[in-house]
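The structure appears below as structure tokens.
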Amino acid sequence: MMKLYENMMEAFVEDELNRMGDSLGCCLCEQCRNDIAAYALNHVPPRYVVTRSGGLISKAETLRTQHLTDVRTALLQAAQVISQYPRH
Numbered sequence: 116m117m118k119l120y121e122n123m124m125e126a127f128v129e130d131e132l133n134r135m136g137d138s139l140g141c142c143l144c145e146q147c148r149n150d151i152a153a154y155a156l157n158h159v160p161p162r163y164v165v166t167r168s169g170g171l172i173s174k175a176e177t178l179r180t181q182h183l184t185d186v187r188t189a190l191l192q193a194a195q196v197i198s199q200y201p202r203h
């Protein structure tokens with residue numbers, strides 16, 4: 116059976132990680148980027164959607180100020196933790 120759902124927060128976290136990149140002040144090699152994204156995703160609520168329209172609604176909702184603040188905070192915390200314990 117084909118997977119018909121996705122966590123919209125994954126793309127949102129990756130987009131914000133790309134935007135914030137240099138300002139995080141840590142290594143951004145592939146391993147560290149993956150670790151930062153995974154850490155951040157574990158610290159924000161998931162937003163699962165099934166339909167295309169559901170995805171658009173959820174994406175608009177995640178753009179609210181509080182969600183953006185939560186994602187950025189999670190990314191900053193992730194960068195601090197990962198830079199202390201890099202796995203590269």
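Per the numbering used here, the sequence shown starts with residue 116, numbered consecutively.
Each residue gets a CB set at the ideal place from its N, CA and C atoms; glycine is no exception.
- Apart from the 5 residues on each side of it in sequence, L132 sits with its Cβ closer than 7 Å to the Cβ of R148, I151, A152 and L190 in its chain, given in chain order.
- Ranking L119, K118, V186 and V165 by CA distance to the CA of E129 puts V186 first.
- Setting aside the 5 residues that flank it on each side, A194 is surrounded in the same chain by L139, G140, C141 and I151, each with a C-beta closer than 8 Å to its C-beta; the list follows chain order.
- Shown here for H203: same chain residues with a beta carbon closer than 7 Å to its own, the five before and five after excluded, namely C142, C144, Q146 and C147 in chain order.
- Beta-bridge pairing by DSSP links Y163 to N122.
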